[in-house]
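Asks: Take this structure first; my questions come after.
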Amino acid sequence: MADRRILVIGSSGQIGTELVEGLRERFGADHVVASDIKEPQVEQTGPFVMANAMDRRGIERIIDKHGINEVYLLAALLSATAEKDPAFAWQLNMESLFIVLELAREGKLKKVYWPSSIAVFGPTTPKDGTPQHTIAEPTTVYGISKLAGEGWCHYYHKRYGVDVRSIRYPGLIGWKSA
Numbered sequence: 165m166a167d168r169r170i171l172v173i174g175s176s177g178q179i180g181t182e183l184v185e186g187l188r189e190r191f192g193a194d195h196v197v198a199s200d201i202k203e204p205q206v207e208q209t210g211p212f213v214m215a216n217a218m219d220r221r222g223i224e225r226i227i228d229k230h231g232i233n234e235v236y237l238l239a240a241l242l243s244a245t246a247e248k249d250p251a252f253a254w255q256l257n258m259e260s261l262f263i264v265l266e267l268a269r270e271g272k273l274k275k276v277y278w279p280s281s282i283a284v285f286g287p288t289t290p291k292d293g294t295p296q297h298t299i300a301e302p303t304t305v306y307g308i309s310k311l312a313g314e315g316w317c318h319y320y321h322k323r324y325g326v327d328v329r330s331i332r333y334p335g336l337i338g339w340k341s342a
């Protein structure tokens, strides 16, 4: 894709701040739009827009206004917070994913990047040499939502040809968060 126009939803978190910086260095600051429900804590070198990941119309307006063709969906309620409000965690983690997958299915996006997590695994998962396809019995709301999200990403890819990419991140602690 010659003219990559990228939207990072959930850009103010630990992964998002580093990702936006790297994408802007690689593709140009004006080609990467950062968005979050909260103001960024770091100086922005390119466009930033306030956005609720569960507001389809708002996300669609950003996509149209900036000519976005790729989305990195990082917005999620993580484990500790998700356990305090499981219903909201499920709503945020799933609804935001559905919005982006649907926009891709409708042809508004060429690529979707959505991170999963090793939280999809549980106590019965082999600990050494864990295969890609194995027992997944998550024990947290976050893990349950990530496992369901993997299923939806697979479905949208197989059923509609959506180019969706994902990796399972381990527990991450960045050097800036120490």
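Its first residue numbered 165, the sequence shown is counted upward by one per residue in our numbering. In this text, a Cβ means the ideal position worked out from N, Cα and C, and glycines have one as well.
Could you give the C-beta distance for I170 and I232, rounded to a whole number, given that I count them as a contact under 8 Å?
Replies: Translated into positions along the sequence shown, residue 170 becomes position 6. Translated into positions along the sequence shown, residue 232 becomes position 68. Correct: roughly 7 Å between the Cβ atoms.
Asks: Under 7 Å between the Cβ atoms of V284 and A268?
Replies: As a first step, residue 284 is located in the sequence shown; it is residue number 120 there, counting from the start. As a first step, residue 268 is located in the sequence shown; it is residue number 104 there, counting from the start. The answer is no: Cβ separation not under 7 Å.
Asks: Which ranges does the alpha helix (DSSP H) cover as unbroken runs of at least 4 residues, wholly within the region 257 to 288, from first to last along the chain?
Replies: Here no run is fully enclosed.
Asks: Kindly indicate the opening and closing residues of the alpha helix (DSSP H) around S243.
Replies: Walking along the sequence shown from the start, residue 243 turns up at place 79. S243 -> alpha helix (DSSP H) spans 243 to 248.
Asks: Among all the DSSP beta bridges, which residues are the ones paired with V235?
Replies: Here residue 235 refers to the residue found at position 71 when the sequence shown is read from its first residue. Looking at the DSSP assignment, V235 forms a beta bridge with L171, V276.
Asks: Does DSSP classify S330 as helix, strand or coil?
Replies: Position 166 of the sequence shown, counting from 1, holds the residue named residue 330. Of the three classes helix, strand and coil, the one that applies to S330 here is coil, per DSSP.
Asks: In the DSSP assignment, what are the bridge partners of I212?
Replies: On the sequence shown, residue 212 is found 48 positions in, with the first residue counted as 1. Here the sequence assigns Phe to residue 212, which means Ile is not the residue at that position. DSSP lists A198 as partners of F212.
Asks: Between which two residues does the alpha helix (DSSP H) holding K229 run?
Replies: Here residue 229 is taken as the residue at index 65 of the sequence shown, counted from 1. 220 to 230 is the span of the alpha helix (DSSP H), which, as asked, contains K229.
Asks: Going by Cα to Cα distance, which pick from K274, S243, D200, L241 is closest to G174?
Replies: Counted from its first residue, the sequence shown places residue 174 at position 10. Measuring from the Cα of G174, the nearest candidate turns out to be D200.
Asks: When we look at the beta-carbon of Y333 and count the other beta-carbons within 10 Å, is it buried (16 or more) or exposed?
Replies: Stepping through the sequence shown from its first residue, residue 333 is reached at position 169. Exposed, because fewer than 16 other Cβ atoms sit within 10 Å of the Cβ of Y333.
Asks: Taking buried to mean at least 16 other C-beta atoms within 10 Å of its own C-beta, is R188 buried or exposed?
Replies: Locating residue 188 in the sequence shown gives position 24, counting from the first residue. R188 should be labelled buried.
Asks: Within 10 angstroms of its Cβ, does H318 collect 16 or more other Cβ (buried), or is it exposed?
Replies: Against the sequence shown, residue 318 aligns to sequence position 154. Exposed.
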